[in-house]
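> Protein chains in written order, with my numbering: chain A, 15 to 272; chain B, 15 to 272. Cβ atoms here follow ideal geometry from the backbone N, Cα and C, with glycine treated the same way. First the structure, which I've put down as structure tokens, then a few questions once you've had a look.
2 protein chains.
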Amino acid sequence: MPFHDMVNHGVMPVPVGLAIAAMPYRPIAEQGAGTHCAGCAARHTGLCDALADRDLPELAAAAQWRTIRRGALLMTEGDPARYFFNINHGTAKVYRDLPDGRRQITGFVTAGYFVGLGMAADYSASVEAVEDVRLCRFDRAALRALFVTFPSLERTLLVATGNELLIAQAQMLLLGRKSALERLASFLLAWIEPARLTGTRLPMGRGDIADYLGLTIETVSRNFTILRQRGLIAISTEQEITIVDCTGLTGIAIGAAA
Amino acid sequence: MPFHDMVNHGVMPVPVGLAIAAMPYRPIAEQGAGTHCAGCAARHTGLCDALADRDLPELAAAAQWRTIRRGALLMTEGDPARYFFNINHGTAKVYRDLPDGRRQITGFVTAGYFVGLGMAADYSASVEAVEDVRLCRFDRAALRALFVTFPSLERTLLVATGNELLIAQAQMLLLGRKSALERLASFLLAWIEPARLTGTRLPMGRGDIADYLGLTIETVSRNFTILRQRGLIAISTEQEITIVDCTGLTGIAIGAAA
DNA sequence: CGGACTGTTGACGCTTGTCAAAGCCGGTGG
DNA sequence: CCACCGGCTTTGACAAGCGTCAACAGTCCG
């Protein structure tokens, strides 16, 4: 449900992968993925979507299923980039830190997203699970070798990386030029299905939202209150959020004059 | 000479293409590129570097040489994305605007850079020449068709797009978390060769720097003065800039405590 | 010489950050 | 069942960094 296609001006554009509708829970520890790929619920939302069924085993040989607990790290900035990830379920935050502790979350990744697209020798950012995450982990070297046999893998990654770049451009506009209220409105429109009448619980806390929008926790909280008092959103005691006035919220998000 | 490899924290990472050393000026109007490719000064800095000499004619068939005057647009946000560009000389700015006129420059592109990497149906940003620009213009549809014959083209673009993404992440950290002084220091380190003793003239004006760093012209100007007064840089009357204290400037740029 | 453009500097105000405290909720243990 | 504790969120008072408005200086060019 997160990340909807909005108008161009800075409301976040479409994501790299579509969220999958539902994902039956199967208690998977750590194992090779070979036997699972064909019937995998993420069969057509991930990297494997680039291949035909008969070619899946070759890809599966380079992959492993993993479950990452909330708060655990998928990767750490500066470590050798051994793996490439494909999120199947859950949410993780991608971030960079400054030496004195200031943090910028450059993006949240959910089902269907790739992690590790920038192909440098070392990871360029840290990634931490915001809620429990299930994913497919690929060995980078093995994956690169498969590019020769299956150019469609490279095509899929090129499209995904290009989309990430567009999202990044929108986020630069947000961080460089939007007010706190405009940033929060943009964020909510990207994460909450506007037509949905029941409340949506965001997986990340106020601190993560602040680090994503380049603000402080207090400023985020104050602007939540402003949006609520103006009747644009509703917030339940369980922190479930509903968009009440989508038009008004969009107007704020794109920075329409006054 | 612009864009040097810095430490990780937020000083902009390496660019997608290396700047070429020198580029002899030839008054080229508008013509097919076929006869020029083999001897082109950008032969090994652009898209053509992905191909062997004997395969160049096929790529050249989809390309045209162009010269874009300072202030002219390469593309406009929202227009159908017919072309793909490879800069050979000069500097251009990539930007997005909000309806009320606020502008965010998401990047400057120089020799070796690709423009139009995010493969959407419409251009996602506007691009304007900051100084006269010479470039190779490719027809997108024709280029896509060549991907089948020459997968190495796709590989080159994937690497380039990945690098752009890393640069974008660094810029998000800059825009979201760095002070005005830290932003300017980061920018100067990316654009001026630190070891160079003679002054460097930046191709863009204060307004463009402000739009790139998410600041105003006045704030940029004030922080130039601060860096100069602290003895970190020198500025001649012709607006040529020299880095005097690279260590100190780097310390500010990465946000080292105090 | 005069006008346009770019860059610099100053005074002031507003948005946002900082510091502090209180409310709310869930979990734990008596 | 209730008291207590810890984390997260909200709210308030205040300060600081940056934006806004305005004036002025330097350069280019007619």
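Can you tell me which of Ile223/B, Gly262/B, Gly213/B, Met218/B puts its alpha carbon nearest to the alpha carbon of Glu10/B?
Only positions 15 to 272 of chain B appear in the structure, and residue 10/B is not among them; the question remains open.
> Below 8 Å on the Cβ atoms is my guess for Ala188/B versus Trp205/B; work out the distance and round it to an integer in Å.
Correcting the residue identity first, residue 188/B is Leu in this sequence and not Ala. About 14 Å separates the two Cβ atoms, so there is no contact after all.
> To the nearest angstrom, how far is the alpha carbon of Cys54/A from that of Phe98/A?
Approximately 18 Å between the Cα atoms of the pair.
> Are any of the Cβ atoms in chain A nearer than 7 Å to that of Glu312/B?
With chain B covering only 15 through 272, there is no way to say anything about residue 312/B.
> On the DSSP letters alone, give me the boundaries of the beta strand (DSSP E) that Cys140/B sits inside.
The sequence shown places Ser at residue 140/B, rather than the Cys named in the question. Segment 140-143, the beta strand (DSSP E) holding Ser140/B.
> With distances taken from CA atoms, which of Met218/A, Leu180/A, Ile181/A, Leu198/A is nearest Thr264/A?
Measuring C-alpha to C-alpha distances from Thr264/A to each of Met218/A, Leu180/A, Ile181/A, Leu198/A identifies Leu198/A as the nearest.
> What is the rounded straight-line gap between the Cα of Gly92/B and the Cα of Asp259/A?
27 Å
> Using the rule of at least 16 other Cβ atoms within 10 Å of the residue's Cβ for burial, across every protein chain shown, is Ala155/B buried or exposed?
Here Ala155/B is exposed, its C-beta having fewer than 16 other C-beta atoms within 10 Å.
> So with Cβ pairs under 7 Å, would you call Gly126/B a contact of chain A?
no
> Comparing the C-beta of Ile266/B with each C-beta of chain A, is any distance below 7 Å?
no
> Starting from the C-beta of Arg117/B, find all residues in its chain whose C-beta is less than 7 Å away, skip the five residues before and the five after it, and write them out in chain order.
Here the set comprises Tyr109, Asp111, Asp225.
> Measuring alpha carbon to alpha carbon, tell me which residue in Gly269/B, Arg244/B, Ile268/B is nearest Ile257/B.
Arg244/B
> Give, in chain order, every residue of the stretch 181-197 of chain B whose Cβ lies closer than 8 Å to some Cβ of chain A.
Ala182, Gln183, Ala184, Gln185, Met186, Leu187, Leu189, Gly190, Arg191, Lys192
> So is Gly228/B buried or exposed if we call it buried at 16+ other beta carbons inside 10 Å?
buried
> Does the stretch 56-63 of chain B come into contact with the stretch 122-134 of chain B, if we say contact requires no fewer than three beta-carbon pairs (one atom in each stretch) closer than 8 Å?
Using a Cβ-Cβ distance cut-off of 8 Å, the stretch 56-63 of chain B and the stretch 122-134 of chain B are in contact, since at least three pairs of beta carbons, one from each stretch, lie closer than that value.
> If you run the structure through DSSP and keep just helix, strand and coil, what is Gln185/A?
helix
> Arg151/B: buried (16+ other C-beta within 10 angstroms of its C-beta) or exposed?
buried
> Using only the alpha-carbon positions, how far apart do Gly13/B and Ser250/A sit?
Residue 13/B lies beyond the residue range present for chain B, which begins at 15 and ends at 272; the question has no answer from this structure.
> Can you tell which of Asp67/B, Leu195/B, Asp136/B, Asn102/B has the C-alpha that lies nearest to the C-alpha of Thr81/B?
Asn102/B
> Around the Cβ of Ser235/A, are there at least 16 other Cβ atoms within 10 angstroms (buried) or fewer (exposed)?
exposed
> Would you mind working out which of Leu149/A, Ala182/A, Ala184/A sits nearest Leu87/A, comparing C-alpha positions?
Leu149/A
> Quick one: what does DSSP say Gln243/A is sitting in, helix, strand or coil?
helix
> Of all the options Gly121/B, Lys107/B, Ala135/B, which has the alpha carbon lying nearest to the alpha carbon of Gln185/A?
Gly121/B
> In the DSSP output, what is Lys107/A paired with across the bridge?
Lys107/A is bridged to Phe122/A, Glu142/A.
> Roughly how many angstroms separate the alpha carbons of Ile268/B and Glu145/B, rounded to a whole number?
29 Å
> Just to confirm my understanding: we take Asp153/B, look at its own chain, exclude 5 residues before and 5 after, and list those with CB closer than 6 Å. What are they?
Here the set comprises Ala76.
> Taking 6 Å as the cut-off, does the CB of Gln243/B come closer than this to any heavy atom belonging to the ligand FAD?
The ligand FAD is not among the ligands present in this structure, which contains no ligands whatsoever.
> Helix, strand or coil for Phe164/A, going by three-state DSSP, please let me know.
coil
> For Ala95/B, which residues of its own chain have a beta-carbon under 7 Å away from its beta-carbon, when the five flanking residues on both sides are left out?
Counting only Cβ-Cβ distances below 7 Å, and skipping sequence neighbours, we find Gly130, Ala134, Ala135, Asp136, Tyr137, Arg154.
> Between Leu246/B, Arg84/B, Gln183/B, which has its C-alpha nearest Val141/B's C-alpha?
Arg84/B
> For Pro38/B, would you say it is in contact with chain A, using Cβ-to-Cβ distances shorter than 7 Å as the test?
At Pro38/B, the pLDDT of 34 sits below 50, so the modelled position is not reliable; the number obtained from the coordinates is stated separately. False, the Cβ-Cβ gap to chain A never drops below 7 Å.
> Listing by chain order, which chain B residues have their CB less than 9 Å from the CB of Arg116/A?
Leu187, Gly190, Arg191, Lys192, Gly269
> By how many angstroms is the C-alpha of Gly219/A removed from the C-alpha of Leu203/A?
17 Å
> Which ranges does the beta strand (DSSP E) cover as unbroken runs of at least 3 residues, wholly within the stretch 182-267 of chain A, from first to last along the chain?
247-249, 254-257
> Quick one: residues in its chain with C-beta nearer than 6 Å to the C-beta of Cys241/A, no 5 flanking neighbours on either side, listed in chain order?
Looking at the sequence itself, residue 241/A is Leu, so the reference to Cys does not match. The residues are Ile247.
> Closer than 7 Å, Cβ to any Cβ of chain B: which residues of the stretch 94-111 of chain A, in chain order?
Going along the stretch 94-111 of chain A in chain order, one finds Arg110 with a Cβ nearer than 7 Å to chain B.
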